[in-house]
Every structure is written in structure tokens, then in C-alpha cells.
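Residue numbers (the working numbering): 1058 to 1224. Don't be surprised by glycine CBs; every beta carbon is placed ideally from N, CA and C. Notes follow once the structure below has been shown.
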């Protein structure tokens, strides 16, 4: 398998967990794009969005994605929840011939994980805001090459194995 894999989906769908497990099964490295941005900027994604606005964050995200894609050693990339919704990012991913995998988790599962987590999520301040964002992003997520249905009983190992079966 020579193609790199990008994992996309809504907040709380399991992108980082599945990407980490997929990289483990492949014996390769992975990058979490949000963590990469946080390390590079010295601020969390939430701080950047709160201080500079979502548009500024998306600009940083595109630059970070470009840099991550330039590193041919990175085989698996966990995107941020909104990364795939930006057409320029989808173009970058296509130009680098990455396999795009959408972790299609139901909203209630994502919302449960968002609430259980310690991460500040300014783009999902309340259920209604998160649901509206979830619904609006599904159109873009559906453009991914490989949709993978996710439910609360699916362990990351099984999801990673399913991704590998399809390549």
C-alpha cells in the first residue's frame, strides 16, 4: 500500500484514535493535524479560534496540511473536523494521491464523546450548534473515497482493519 491515508469526520468520531491504530497496524507514523498545528503555533486550536477567529485557524490549517503532505514519511493523517470542508484542502489531498476515509459516526455518538472529553471545542459550544455544524459538513464528508460506518461498539482495531481490507 503506497497511498497515504487521511482520516476525516466530525468532532468525536474517532479520527485520532483510528489513525493511531491504523499507523500501528501498518508499522508507520501518523500525524494528527490539530496536534501538529498546536505544536507549531504554541496554542491550542480552541485558543486560535477564540483569539483569531475560525477563518484564521482555517488558513493555518491549510498551511499545516500542505507541510504535512510534503513529508513523504507520514503515511496516515488524522484531519481536523473541518479540514475536509475546505475545497483547497481537498485539492491538496487529491494532488498528493491520498486515500480519504470518512468515519461516519452518528451525531449522538459524537456529541456524547464531545461532552465526555476535556478538549475545549468553541465550534461545538452547545448541542444545537454542534448538530447544525454536523449536518452542514456531511455533504463535504460524503465526497471522501471510503465511507466507514462507525458505531459505539466499533473498536479502533476493527475500524483500522476494515480500512486496510479496502486498500
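Distance cut-off 7 Å: residue i Cβ against heavy atoms of the ligand GTP
i, result
"residue 1154", "Annotation note on the ligand GTP: not contained in the displayed structure, which lists no ligands."
Boundaries of the beta strand (DSSP E) in which residue i is found, first to last residue
i, result
"residue 1126", "Looking at the DSSP string, residue 1126 is not in any beta strand (DSSP E); the run it does join, the alpha helix (DSSP H), is 1111-1127."
"residue 1184", "No beta strand (DSSP E) contains residue 1184, which is instead part of the alpha helix (DSSP H) from 1184-1198."
"residue 1087", "1086-1089"
"residue 1154", "Looking at the DSSP string, residue 1154 is not in any beta strand (DSSP E), and its letter there is neither H nor E."
Rounded straight-line distance, which links the Cα of residue j to that of residue i
i, j, result
"residue 1137", "residue 1091", "6 Å"
"residue 1100", "residue 1067", "21 Å"
"residue 1152", "residue 1199", "19 Å"
"residue 1139", "residue 1145", "12 Å"
"residue 1232", "residue 1114", "Absent from the structure is residue 1232, since the part of the chain shown begins at 1058 and ends at 1224."
"residue 1213", "residue 1063", "15 Å"
"residue 1211", "residue 1096", "30 Å"
"residue 1073", "residue 1089", "6 Å"
"residue 1220", "residue 1205", "8 Å"
"residue 1124", "residue 1173", "32 Å"
"residue 1147", "residue 1195", "14 Å"
"residue 1112", "residue 1081", "33 Å"
"residue 1128", "residue 1215", "28 Å"
"residue 1109", "residue 1191", "23 Å"
Same chain, Cβ closer than 7 Å to residue i, neighbours up to 5 away in sequence not counted
i, result
"residue 1197", "1141 and 1142"
"residue 1119", "1143, 1145 and 1146"
Distance CB(residue i)-CB(residue j) smaller than 8 Å
i, j, result
"residue 1168", "residue 1203", "no"
"residue 1126", "residue 1149", "yes"
"residue 1133", "residue 1083", "yes"
"residue 1078", "residue 1217", "yes"
"residue 1094", "residue 1121", "yes"
"residue 1130", "residue 1193", "no"
Per-residue DSSP class, three states only, for residue i
i, result
"residue 1133", "strand"
"residue 1204", "strand"
"residue 1101", "coil"
"residue 1143", "coil"
"residue 1224", "coil"
Own chain, CB closer than 8 Å to residue i, minus 5 neighbours either side, in chain order
i, result
"residue 1184", "1168"
"residue 1060", "1154, 1155, 1156 and 1224"
"residue 1098", "1105 and 1117"
"residue 1208", "1162, 1163 and 1166"
Bounding residues of the alpha helix (DSSP H) (the contiguous stretch that carries residue i)
i, result
"residue 1212", "Segment: none, residue 1212 is in no alpha helix (DSSP H) and carries neither H nor E."
"residue 1173", "1164-1173"
"residue 1077", "1072-1083"
Contact set for residue i: own chain, Cβ-Cβ below 6 Å, skip 5 residues either direction
i, result
"residue 1189", "none"
Proximity test, Cβ basis, 8 Å: residue i and chain D
i, result
"residue 1096", "The structure shown contains no chain D, having only a single protein chain."
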